[in-house]
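Asker: Position 216 (the sequence shown) corresponds to 221 in our numbering; numbering is contiguous. Just so it is clear, CB atoms sit at the ideal spot from N, CA and C, and this is done for glycine as well. The structure displayed is predicted, hence computed values, not measured ones.
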Amino acid sequence: MSYICNMKNYLTKGYISFIALIWLMLASLFLFQYMNQVSVIEAVLFCFSLFLPTCLITSYLSNSLLPKAIRSKKMRRFVVQFIIIMLLTGIIHLAIFIIFEKLEEAEIFEPSELMRTHYSAVIEYIMTLPAIFVINLGFCGIRFYFEHSKLQEIHLKTQLQVLQQQINPHFMFNVLNHIYILMQKDVDRASELLVKYSEILRYQLYNGKEELVPLSQEIQFLKDVIEVEKTRWGKELHVDCTWQIENGDRDIQPLLLITFIENAFKHVSRSISETGFVNVMVWQKGDLLSMEVKNSKPVQPIKKKNASGLGLINAKERLDILYPDRYSLFIEENEQTYIIQLNITL
């Protein structure tokens, strides 16, 4: 889905920008510190010589070795690689210090306290390791966070695809079953129903794959589905709908609301003595979209397996993924009615 791609591009650009900013801040910090102790030219060259190999090595460690270790689940090998690279980086740092110390001894640069060795090479080497460890660990930690976010994206995409596949066959089966029943009673009405179903199927096959669709199209889809149900039920069921849409150009995830309407028609009362009812109210104003679906309940309770409503569970899971912290879902039930109220911040 495109919103997953957009998120992925955002994370990639965000990661590169964030890493570049950190390296720039570190280089600037060390550069200003060196400029207080050596000449500007020496400070720039020393900082460049120190940070170029460090940046390349750390980038290879965090952007190549770490992602491979995460995907292959071989973190022990990565720990060994981390230690080896840290030790090698320490050797490179020590070599750069020695080179600039020799350059000052050769009077290419003015002598300074910064490049003067106060300890043995081994001690100097050991003293550089903590800073290298912190830098490598910090950048690997940042990369790990972004890799974790990427894995979450893949999980969300897979989960959405599974939920979408569960919704589509269920809906198609219901409508085809309605047409089959009606063909045994009234061929003309069944033909009208087939035409309406073709529009429903077209929307489901094409618009249902989109990331977002205009609210007006989703509402029209709901109206078509309700018309199919009204045709099938005839006078056995009273259906009342209210649509108050302020701006039909607002975007919404496709096939998100249909589950609640399907649930109402599936579990509505089927009594010979009393006419059942399904009431649907949908209104949108500004960023708020509200939907209330009410249906009469059968006298005999439906088995728990059916009442649990796989479609409702899937719908809630989709809402959790697509509209986290932006929706509320209330279900109220008594002896006569079953009410679902959904509020979404678009």
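#1: Find out if the Cβ-Cβ distance for the pair W288, Q249 is shorter than 9 Å.
#2: Quick check: what's the CA-CA separation for S221 versus G213?
#3: Can you find at least 3 beta carbon pairs, one from the stretch 235–246 and one from the stretch 269–288, that sit closer than 8 Å?
#4: Look up L294 in the DSSP assignment and give the residues it is bridged to.
#5: Does DSSP classify D254 as helix, strand or coil?
#6: Would you kindly work out how many angstroms separate the C-alpha atoms of G253 and M296, rounded to a whole number?
#7: Looking at V230: is its Cβ nearer than 9 Å to the Cβ of E197?
#8: Between V49 and the rest of its own chain, which residues show a CB-CB distance below 8 Å, the 5 nearest in sequence each way excluded?
#9: Taking only three categories from DSSP, how would you classify N311?
#10: Look at the Cβ atom of I336, then the Cβ atom of Y343, and state whether they are nearer than 9 Å.
#11: Given a cut-off of 9 Å, decide if L199 and R237 are closer than it, judged by their beta-carbon atoms.
#12: Distance, Cα to Cα, L134 vs M91?
#13: So, is L61 buried or exposed, given that buried needs 16 or more other C-beta atoms within 10 angstroms?
#14: Per DSSP, what are the beta-bridge partners of F282 in this structure?
#15: Compare the C-alpha of I128 against each of L99, E232, A25 and S278 and name the closest.
#16: Would you mind giving the Cβ-Cβ distance between L351 and R255, rounded to the nearest angstrom? I have them listed as a contact below 8 Å.
#17: Alpha carbon to alpha carbon, how far is S154 from Y20? Give it in angstroms, no decimals.
#18: What three-state label does DSSP hand P72 in the structure shown?
#19: Nearest-angstrom Cα distance between L71 and I140?
#20: On a Cα-Cα basis, can you pick out the residue from A195, I137, R331 and L262 that is closest to L317?
#21: Out of curiosity, what's the CA-to-CA distance linking L142 and S69?
#22: For the stretch 99–119 against the stretch 30–46, do three or more pairs of beta-carbon atoms, one drawn from each stretch, fall closer than 8 Å, so that the two count as touching?
#23: Tell me the DSSP secondary structure of S333 in three-state form.
#24: Identify which residue in P303, Y202, I147 and S333 has its Cα closest to the Cα of S269.
#25: Quick check on the burial criterion: 16 or more other C-beta atoms within 10 angstroms. Buried or exposed for N311?
#26: Return the residue from the list L93, K299, S67 and E47 that minimises the CA-CA distance to F83.
#27: Determine the burial state of I131: buried for a count of at least 16 other Cβ atoms within 10 Å of its Cβ, exposed for fewer.
#28: Relative to the C-alpha of I205, which residue among T247, G239 and P259 is closest?
#29: What does DSSP give as the partner residue(s) for E234 in the beta ladder?
#30: Measure the C-alpha to C-alpha separation of W28 and I257 and round it to an integer number of angstroms.
Answerer: The structure says:
#1: yes
#2: 14 Å
#3: yes
#4: Q289 and I349
#5: coil
#6: 15 Å
#7: no
#8: L36
#9: Residue placement at N311 cannot be trusted, given a pLDDT of 47 that sits under 50; the coordinates are not used to answer.
#10: yes
#11: no
#12: 7 Å
#13: exposed
#14: H243
#15: L99
#16: 5 Å
#17: 11 Å
#18: helix
#19: 15 Å
#20: L262
#21: 14 Å
#22: yes
#23: strand
#24: Ser is not the amino acid found at residue 269; the sequence shown has Ala there. It is P303 whose Cα lies nearest to the Cα of A269.
#25: Interpretation of N311 is limited by its pLDDT of 47, a score under 50 that renders its predicted location unreliable; the figure taken from the coordinates is listed afterwards. So N311 counts as exposed.
#26: S67
#27: exposed
#28: P259
#29: E234 pairs with nothing; no bridge assigned.
#30: 41 Å
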